[in-house]
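What follows is a set of notes on a single structure, which appears directly below.
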Amino acid sequence: MPTQDPRQWICFAVIVLLLSFLPRIESIRCYCTDAHCNPYGVCESNVCLVGLLKANNAVIRTCGDEPIGCQRELGRWADLCACDQPFCNTFSYLRSNTRRERGNNGDFGAAPPLSHADDMHEDAPLIFQRVDTPLGEFSSGYDRPPAQTNTNTLVFVLVPLSVGCVIVFIVWINYYRNLC
């Protein structure tokens with residue numbers, strides 16, 4: 000803290016004022032399916048990345064420091080999008096932004112021009128291999144059929160209720176048998 004000298008107070012006030020106007024750099028949390036991710040699948044950085052690898056078309060979500068926006072043919076990436084919102088690096092974000100960039104033909108790196116066949120199949124799904132399995136699916140790839148409601152009722156309500164009734168009945172019989 001400055002002493003009673005007015006020049007030190009003015010200097011201290013100027014420093015505090017300048018520090019208050021400096022931009023605050025905060026990291027954001029992102030989904031992470033890369034090899035270096037923590038077990039919870041989350042990383043923190045200034046920018047979230049989502050992209051398709053050139054080698055196997057796998058969708059990778061990770062953290063990085065690329066400029067905001069989408070790029071094509073960048074290093075190991077076939078398509079790469081960077082965003083600056085928490086958990087924004089989803090496949091739907093990648094798909095919608097690469098389509099938008101391809102449609103505008105604007106600043107999308109070395110993207111090849113669209114052919115007439117691409118215009119006709121604008122909504123055709125991109126082919127990719129999931130790295131992380133979505134909730135509700137087995138790792139083998141087939142969906143689990145929904146369980147029958149009757150089966151759930153039987154297993155989770157009627158069986159425990161029946162076991163409880165049998166235990167109460169046995170305790171009741173033993174109690175009255177010992178009284179006689």
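Heads up, the sequence shown is in numbering that gives the first Met the number 0, so the first residue is 0 and it goes up one at a time. Beta carbons: idealized from backbone N, C-alpha and C, even for Gly.
Taking its Cβ as the centre, do 16 or more other Cβ atoms sit within 10 Å of residue i, making it buried, or is it exposed?
{"i": "A81", "result": "buried"}
{"i": "R60", "result": "buried"}
{"i": "V162", "result": "exposed"}
{"i": "V158", "result": "exposed"}
{"i": "V167", "result": "exposed"}
{"i": "E154", "result": "It should be noted that the sequence gives Val, not Glu, for residue 154. Burial call: exposed."}
{"i": "V58", "result": "buried"}
{"i": "C164", "result": "exposed"}
Which residues does DSSP list as the beta-bridge partners of residue i?
{"i": "R28", "result": "E43"}
{"i": "C80", "result": "V49, C69"}
{"i": "I59", "result": "G50"}
Short of 6 angstroms in beta carbon distance, which residues of its chain neighbour residue i, apart from the five on each side in sequence? Order them along the chain.
{"i": "I27", "result": "P85"}
{"i": "L79", "result": "G50, Q70, L73"}
{"i": "L93", "result": "V49, C80"}
{"i": "C29", "result": "C42, C47, C62, N88"}
Could you round the C-beta distance between residue i and residue j to whole angstroms and report it? I think they count as a contact, below 8 angstroms.
{"i": "L48", "j": "N88", "result": "6 angstroms"}
Go through its chain and collect everything with a Cβ distance to residue i's Cβ below 7 angstroms, but skip five positions before and after it.
{"i": "K53", "result": "R75, W76, A77"}
{"i": "I169", "result": "none"}
{"i": "A123", "result": "Confidence is the limiting factor: at A123 the pLDDT is only 48, short of 50, which leaves the residue's position unreliable, though a coordinate-based value still follows. Contacts found: none."}
{"i": "E65", "result": "V46, L48, L79, A81"}
Does the beta-carbon distance from residue i to residue j come in below 7 angstroms?
{"i": "D83", "j": "V46", "result": "yes"}
{"i": "C62", "j": "S44", "result": "yes"}
Going along the chain, which residues of its own chain have a beta-carbon closer than 8 angstroms to the beta-carbon of residue i, five neighbours each way excluded?
{"i": "C36", "result": "C42, T61"}
{"i": "I67", "result": "V46, A81, C82, D83"}
So that I know if they touch, is there some Cβ in chain C lying closer than 7 angstroms to that of residue i?
{"i": "F168", "result": "The structure shown contains no chain C; it holds only a single protein chain."}
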